[in-house]
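Asks: The structure is given below, and queries will be raised subsequently.
Number of protein chains: 2
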Amino acid sequence: MAVTLHDVARLAGVSIKTVSNVINDYPHIRPATREKVEQAIAELGYTPNLTARSLRSGRTGAIALAVPDLALAYFAELAASVIAAAEASGLVVLVEQTGGDRDRELELLRSPRFKMTDGLLFSALGLGQDDAEVLDVPYPLVLLGERIFDGPTDHVTMQNVAAARAATEHLIAAGRRRIAVVGVHEGEVIGSAGLRLRGYREALEAHGIAFDEALVGPSMAWHRESGARAMREILARGVPFDAVFAMNDTLALGAMRALLEAGRRVPDDVAVIGFDNIDEAQYTVPSLSTIDPGREWIANTAVGTLLERIERGDAAGGPRTLLADFAVVARESAPAVDPVPAAIAAVVG
Amino acid sequence: MAVTLHDVARLAGVSIKTVSNVINDYPHIRPATREKVEQAIAELGYTPNLTARSLRSGRTGAIALAVPDLALAYFAELAASVIAAAEASGLVVLVEQTGGDRDRELELLRSPRFKMTDGLLFSALGLGQDDAEVLDVPYPLVLLGERIFDGPTDHVTMQNVAAARAATEHLIAAGRRRIAVVGVHEGEVIGSAGLRLRGYREALEAHGIAFDEALVGPSMAWHRESGARAMREILARGVPFDAVFAMNDTLALGAMRALLEAGRRVPDDVAVIGFDNIDEAQYTVPSLSTIDPGREWIANTAVGTLLERIERGDAAGGPRTLLADFAVVARESAPAVDPVPAAIAAVVG
DNA sequence: GAGTCACTGTACAACGTTGTGATCCGGAGG
DNA sequence: CCTCCGGATCACAACGTTGTACAGTGACTC
Numbered sequence: 001m002a003v004t005l006h007d008v009a010r011l012a013g014v015s016i017k018t019v020s021n022v023i024n025d026y027p028h029i030r031p032a033t034r035e036k037v038e039q040a041i042a043e044l045g046y047t048p049n050l051t052a053r054s055l056r057s058g059r060t061g062a063i064a065l066a067v068p069d070l071a072l073a074y075f076a077e078l079a080a081s082v083i084a085a086a087e088a089s090g091l092v093v094l095v096e097q098t099g100g101d102r103d104r105e106l107e108l109l110r111s112p113r114f115k116m117t118d119g120l121l122f123s124a125l126g127l128g129q130d131d132a133e134v135l136d137v138p139y140p141l142v143l144l145g146e147r148i149f150d151g152p153t154d155h156v157t158m159q160n161v162a163a164a165r166a167a168t169e170h171l172i173a174a175g176r177r178r179i180a181v182v183g184v185h186e187g188e189v190i191g192s193a194g195l196r197l198r199g200y201r202e203a204l205e206a207h208g209i210a211f212d213e214a215l216v217g218p219s220m221a222w223h224r225e226s227g228a229r230a231m232r233e234i235l236a237r238g239v240p241f242d243a244v245f246a247m248n249d250t251l252a253l254g255a256m257r258a259l260l261e262a263g264r265r266v267p268d269d270v271a272v273i274g275f276d277n278i279d280e281a282q283y284t285v286p287s288l289s290t291i292d293p294g295r296e297w298i299a300n301t302a303v304g305t306l307l308e309r310i311e312r313g314d315a316a317g318g319p320r321t322l323l324a325d326f327a328v329v330a331r332e333s334a335p336a337v338d339p340v341p342a343a344i345a346a347v348v349g
Numbered sequence: 350m351a352v353t354l355h356d357v358a359r360l361a362g363v364s365i366k367t368v369s370n371v372i373n374d375y376p377h378i379r380p381a382t383r384e385k386v387e388q389a390i391a392e393l394g395y396t397p398n399l400t401a402r403s404l405r406s407g408r409t410g411a412i413a414l415a416v417p418d419l420a421l422a423y424f425a426e427l428a429a430s431v432i433a434a435a436e437a438s439g440l441v442v443l444v445e446q447t448g449g450d451r452d453r454e455l456e457l458l459r460s461p462r463f464k465m466t467d468g469l470l471f472s473a474l475g476l477g478q479d480d481a482e483v484l485d486v487p488y489p490l491v492l493l494g495e496r497i498f499d500g501p502t503d504h505v506t507m508q509n510v511a512a513a514r515a516a517t518e519h520l521i522a523a524g525r526r527r528i529a530v531v532g533v534h535e536g537e538v539i540g541s542a543g544l545r546l547r548g549y550r551e552a553l554e555a556h557g558i559a560f561d562e563a564l565v566g567p568s569m570a571w572h573r574e575s576g577a578r579a580m581r582e583i584l585a586r587g588v589p590f591d592a593v594f595a596m597n598d599t600l601a602l603g604a605m606r607a608l609l610e611a612g613r614r615v616p617d618d619v620a621v622i623g624f625d626n627i628d629e630a631q632y633t634v635p636s637l638s639t640i641d642p643g644r645e646w647i648a649n650t651a652v653g654t655l656l657e658r659i660e661r662g663d664a665a666g667g668p669r670t671l672l673a674d675f676a677v678v679a680r681e682s683a684p685a686v687d688p689v690p691a692a693i694a695a696v697v698g
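In order, the protein sequence lines correspond to chains A and B.
Just so it is clear: in the first sequence, position 15 is 15 by our numbering, and no numbers are missing.
If you count the second sequence from 1, you need to add 349 to reach our numbering.
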C-alpha cells in the first residue's frame, strides 16, 4: 500500500519529479528513462495516491449526488443514469440519501463532507421555494427536481405542467371525462405535486370539464402503499370516475392495485396513467401508461452542467434552467384511442 | 472557499495549530482562546478541507460500493441500506456500477480510484470462483453476493440453497407438484442461479418429485423482460405445470405477466414465488410471495465488517463468511396453505 | 568559437491538515 | 529561592503529489 513516488524514484534511480512526469505524460522524457520508470512502477505495483493529488490539484474527480431515497424507483434509476454519465466524464459519484427531510437537506448543504467532492447534484424534496437562498453555496451545485425555481444555481428539471397536461389530455382523448387524480399535496403550488396538479387542471379547463374535489386523492408520500390508500379513499366516496391520473408511476401502481381489489377493470372501467416511466411500468399487468420525463437527458445534462461549473465557475454565466423534453407513453392501462401511432401523436417537445 | 486554518488563525490571533486543536476538541485550551477561535471560524465560515485531512490522517471517511446496476431493484435497495448503515457509522458511500461485466469488475478492483476511499464493498456478478485470487487486493475489501466462496476476503451473503429449498417446499406444501423454475443459468454451479437451482432440486428430491428439464426456463439476465420470455418459452412447450419458482422477484414479475397474458390465473392455476423481497413485491397484483434474504442485515453487517477491517486490518483475523437469516414471505401469488401463521411456519434460521 | 535553443532532468515549495516535540508560564513543593 | 509539573500554546515537519524555476547537455546557427 505504502508505495509512493519516492519508492519508485529510488528504484528507477531518478528524481521523484521525473516519475511524476512519466505518470502525467510529460512529453520531454527520454525513452530510456521512461522505460526505467515504468518498469519500476510495475515492479512495485505503484498507484498514485489520489488524496494527495486532489490536495495538490484542488480537484477530486468525484461529485456528490443527493437524492431522497434510492429505494424509490425513480431515484434509483436517476442515480443509475447519473453514475453512468459521470463515469463517461471520468468522474465517480458519492451518493447521499436525505429521506426528503428538510432539515437533513439543509444540513447536507452546509456539510463539509463535500469538500471531498468537486460539486453536488442535489435532488431536493424537503426544501421549498422559500429556501432558495440556502442554495447559494460556495461550491458548484446543480439543482434537480421541482421544489425551487429561479434559485441562484443551475437547475435541470422536467416540464411538469405541460407533461401532466398531456397525460390528462391523453385520457380525455380516449373519451374519459371523470378523471381522478392521486398524490395531491394540498395547498402546494410548486413542487412536483403542485405543478402536475396545475397541468391536470389546465387540461380539464381546456376541454370544458369541471374540476371536482371529490375526485382528488391527497397523499403526501408517493409510495405504492399511499397510492393504494388514496385510491381506496376515492372509491369509498362512491363518486363515479372512469380514469386516474397518478402523480407518479409508483402511486399509479398502488392505485391499480386498489382498483383491481375493488373489482374495477383497468382500462375498461378505469384508465390509469402515471408519470416517470420507471422500468417497471412496462411489465405490470396491465402495463402502465405514463409520461417519459426524459430521465437520461436529465442525468446527462445535469452532469455536463455541473462539470462546466466546476471547470469554468461563474465564467459559465448566470444560473440556467434546463428543461427536458417529455413524451406520453401509451400502454395497456390507458391505450391511445386513434390508430395514429402513439409515438407520433404523443411526442411533445 | 479558500478559507483555511491560516485565515482563521490570523483573525483569531493564535497559531494555526491552536485552531486545529479547537476543531479537534483537544482538551487543554483556555475557554477565552476557544471562544476567540470559534468566533473567527463562524465569521469566516471556515470548514475543514477534508482532502488535506485525509492525506494527513490516511483515512477518508468514505467507502466504495460496487454493484452491477442500480436500476435493478434488489441492488438499489441494497445500496439504500448500505448508505444508511454507512451514514450511521459516519461514512459516506461512493457508488460504482459494473454492469455485471467481468472485465469491468476486474478493472475496478485494480483501479486507483479507490485510493479515495478506505475500502470497498463489492457485489460481484461477472467474476467467478476461478477469479478468487484477484480479490487479494491491498485494501480492505468485503465481498457480497454468491459468485465466489472461500476467497481471501470477508464475505457477507445469504443462504441461497436453503432459502431456495424453502421457497420450493412452500409450493410443495401447498400441494403443487409440477414446479417450473425460471432464471436458470445452464451449467452454473455456484452463483445465485446455480445455488438456488440446487435448493430447488433438493426440495424436489426430498419430496420424491422428479426433476423435469421441460420445466426449466433458462435466462441469463434477471430482468422482468427475461422472466416473461423464459415463462413464455415454458408455456410454449405445452407441458403442464402448477407453480413457478423464479430465481428473483423481478423474474417472477415478468413471469406473472406472461402467465396472465396466457390466461393462467395466479395463484389458482399457477402459484408463483420469487426471491429477494423487493419493496415492489407486496404491491403487485397479485402480491408476490418471496424469500426475504435479510437485506438490511447484510448491509449492516457488510458495513460493520468493512469498518472493522479498515480499523484493525488483518488483526481482525482471517477471512470470515457471514450468512444472513432468511424467511419465506407468503403472499397472494403463493399463499400458505395451512392456518398456521406463516411467520411462524416459515421463519428459518 | 560563442551564443542560442530544445530537450531532459532536478530542487524546492506548496496544497491544508495534524502529530511531535519544544517553549513559556504560573503555582505547588521542597 | 529553586525545582518541578502540568496547562496552554506554538514551530516544525510530514502526509504524497505537482507547478515553478532552473541547471545541465548537446546540437545548431552565425
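Cβ atoms here follow ideal geometry from the backbone N, Cα and C, with glycine treated the same way.
These numbers were taken from a predicted model, which means no experiment stands behind them.
1. Please name the residues in the stretch 500-515 of chain B whose beta-carbon is closer than 8 Å to at least one beta-carbon of chain A, in chain order.
2. Suppose you measure from the CA of G313/A to the CA of P140/A; what does that come to, to the nearest Å?
3. Going along chain A in order, which residues have a C-beta closer than 9 Å to the C-beta of P397/B?
4. Going by the beta-carbon positions, is the gap between V95/A and L70/A smaller than 8 Å?
5. Is the CB of G603/B under 8 Å away from at least one CB in chain A?
6. Measuring only between beta-carbons, confirm whether A694/B sits less than 8 Å from chain A.
7. Indicate the three-state DSSP secondary structure (helix, strand or coil) for E35/A in the structure shown.
8. Measure the CB-CB distance between T639/B and I622/B and report whether it falls below 8 Å.
9. Which same chain residues, not among the five before or five after R525/B, have their C-beta less than 8 Å away from its C-beta?
10. Quick one, which of N277/A, G294/A, W297/A and R295/A has its alpha-carbon nearest L288/A's?
11. Counting only the same chain and skipping the five closest in sequence on each side, list residues whose C-beta sits under 7 Å from that of T650/B.
12. So V442/B contacts chain A; which residues on that side make the cut at Cβ distance below 9 Å?
13. What do you reckon, are the CB atoms on G199/A and A162/A nearer than 8 Å?
14. Is any beta-carbon of chain B found at less than 8 Å from that of Y283/A?
15. Could you check the C-alpha separation between R224/A and I190/A for me, to the nearest Å?
16. Check whether the stretch 108-118 of chain A and the stretch 85-99 of chain A touch, using three or more Cβ-Cβ pairs below 8 Å as the test.
17. Per DSSP, what are the beta-bridge partners of H556/B in this structure?
18. Applying the 10 Å Cβ sphere with the 16-neighbour rule, what's the burial state of P68/A?
19. Are M220/A and H185/A close, meaning C-beta to C-beta below 8 Å?
20. Using the three-state DSSP reduction, which class does I134/A fall into: helix, strand or coil?
21. Provide the residue span of the beta strand (DSSP E) that contains L323/A, from first to last.
22. Taking 8 Å as the CB-CB cut-off, is L109/A touching chain B?
23. Excluding the 5 residues flanking A665/B on each side, which residues of the same chain have their C-beta closer than 7 Å to its C-beta?
24. If I follow the unbroken alpha helix (DSSP H) through T400/B, where does it start and stop?
25. Let me know if I344/A comes out buried or exposed under the rule of 16 or more other beta-carbons within 10 Å of its beta-carbon.
26. When we look at the beta-carbon of A88/A and count the other beta-carbons within 10 Å, is it buried (16 or more) or exposed?
27. When the distance is taken between beta carbons, is A515/B closer than 8 Å to M596/B?
28. With distances taken Cα to Cα, identify the nearest neighbour of A433/B among A577/B, A473/B, E645/B and F624/B.
29. Whole angstroms is fine: what's the gap from L55/A's alpha carbon to L399/B's?
30. Which of the three DSSP states, helix, strand or coil, is assigned to D212/A?
31. Take V368/B and list the residues in its own chain whose beta-carbon comes closer than 6 Å to its own, dropping the five residues that flank it on each side.
32. Can you tell me where the beta strand (DSSP E) holding F471/B begins and where it ends?
33. Any idea if H556/B is buried or exposed, counting beta-carbon neighbours within 10 angstroms, 16 or more meaning buried?
34. Hey, is S333/A's beta-carbon within less than 8 Å of any beta-carbon in chain B?
35. Of all Cβ atoms in chain A, is any one closer than 8 Å to the Cβ of R613/B?
36. Going by DSSP, name the residue or residues bridged to E96/A.
Replies: This is what the structure holds:
1. Flagged: no residues at all.
2. Spanning the two alpha carbons is a distance of roughly 7 Å.
3. By Cβ distance, chain A contributes P112 and K115.
4. It is a contact, given that the beta carbons lie within the stated cut-off.
5. Interface residue (Cβ-Cβ distance to chain A less than 8 Å): G603/B is classified as such.
6. Any reading at A694/B must be qualified, since the residue scores a pLDDT of 44, below 50, and its modelled position is unreliable; no value is offered.
7. Judged by DSSP in its simplified three-state form, E35/A adopts helix.
8. Going by C-beta atoms, T639/B is nearer than 8 Å to I622/B.
9. Excluding residues within five positions, the ones whose Cβ falls inside 8 Å are D591, A592 and A620.
10. The option with the nearest alpha carbon to L288/A is N277/A.
11. Closer than 7 Å at the Cβ level, and outside the excluded window around T650/B, lie V505 and L671.
12. Chain A residues near V442/B: L94, V95 and E96.
13. Yes, the pair counts as a contact, with Cβ atoms nearer than the cut-off.
14. Output row for Y283/A: interface = yes.
15. As the crow flies, the alpha-carbon of R224/A is around 23 Å from that of I190/A.
16. The stretch 108-118 of chain A is in contact with the stretch 85-99 of chain A.
17. For H556/B, DSSP assigns no beta-bridge partner whatsoever.
18. So P68/A counts as buried.
19. Taking a C-beta distance under 8 Å as the contact criterion, M220/A and H185/A qualify as a contact pair.
20. The displayed chain sequence assigns Val, not Ile, to residue 134/A. Helix, per DSSP.
21. Its beta strand (DSSP E) spans residues T321 to A324.
22. Using a CB distance cut-off of 8 Å, L109/A does not count as an interface residue toward chain B.
23. For A665/B, where only same-chain residues beyond five positions count, the Cβ hits under 7 Å are E657 and R658.
24. Unbroken alpha helix (DSSP H) run through T400/B: L399 to S406.
25. Any reading at I344/A must be qualified, since the residue scores a pLDDT of 46, below 50, and its modelled position is unreliable; the value itself is stated next. Label assigned to I344/A: exposed.
26. With a threshold of 16 other beta carbon atoms within 10 Å, A88/A falls short and is exposed.
27. Taking 8 Å as the Cβ cut-off, M596/B and A515/B do not qualify as a contacting pair.
28. From the listed residues A577/B, A473/B, E645/B and F624/B, the smallest Cα separation to A433/B is found for E645/B.
29. In this structure, the alpha-carbon of L55/A lies about 9 Å from that of L399/B.
30. Under the three-state reduction of DSSP, D212/A is assigned to coil, being neither helix nor strand.
31. Annotation for V368/B: L354, V357, A358 and V386 place their beta carbon closer than 6 Å to its own, counting only its chain and skipping 5 residues before and after.
32. If you look at F471/B, you'll find it in the beta strand (DSSP E) that goes L469 to S472.
33. The residue in question, H556/B, is exposed, as its Cβ has fewer than 16 Cβ neighbours within 10 Å.
34. Chain B contact via Cβ: absent.
35. Not an interface residue.
36. A66/A.
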